[in-house]
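S.K.: Questions regarding the structure given below will be posed in turn.
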Amino acid sequence: MQVVKLYTRKGCPLCEQAQLVIEMVQEESLFQYEAIDIETSDDLTERFGLMIPVIEVDGEILQYGQVDYATLSEKLSGENDK
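So the sequence shown is numbered by our numbering: it starts at 1 and just counts up by one.
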C-alpha cells in the first residue's frame, strides 16, 4: 500500500487545503495517510520550512506549495493500477 505523507505546520491555510485534497482523493484511492508537523523537528523545518505543504508519496516529493486534486489523484490511481 502506498504511503502519502503531508508535511505541514499549525496555522497554515495551504496545509489545511492540502489535507482536504488528500481526503477527497482517499475516497477513491487506497493509500495510507500521515500528517507530519515539521515544527517537531529542526531537520524537517530546515528541509521543508519554505515549501509547505509538501506531499510525499513513497519517498518522492509529488507536490509542494499549492496542492491540486488532479495531480494527486492521477499519481495515486495510476500507481494502484499497476
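A virtual CB, placed ideally from N, CA and C, is assigned to each residue, including glycine.
Start and end of the alpha helix (DSSP H) containing Glu16?
M.R.: Its alpha helix (DSSP H) spans residues Pro13 to Gln26.
S.K.: Hey, would you say Val54 sits closer than 9 Å to Leu20, going by beta carbons?
M.R.: no
S.K.: Should Asp81 go down as buried or exposed, given a rule of 16 or more other Cβ atoms within 10 Å for buried?
M.R.: At Asp81, the pLDDT of 45 sits below 50, so the modelled position is not reliable and the matter cannot be decided from this model.
S.K.: Quick one: using the 10 Å Cβ neighbour count with 16 as the cut-off for buried, is Ile61 buried or exposed?
M.R.: exposed
S.K.: With DSSP run on the structure shown, which of helix, strand or coil describes Ile38?
M.R.: helix
S.K.: Are Gln63 and Leu30 closer than 9 Å when you measure CB to CB?
M.R.: no
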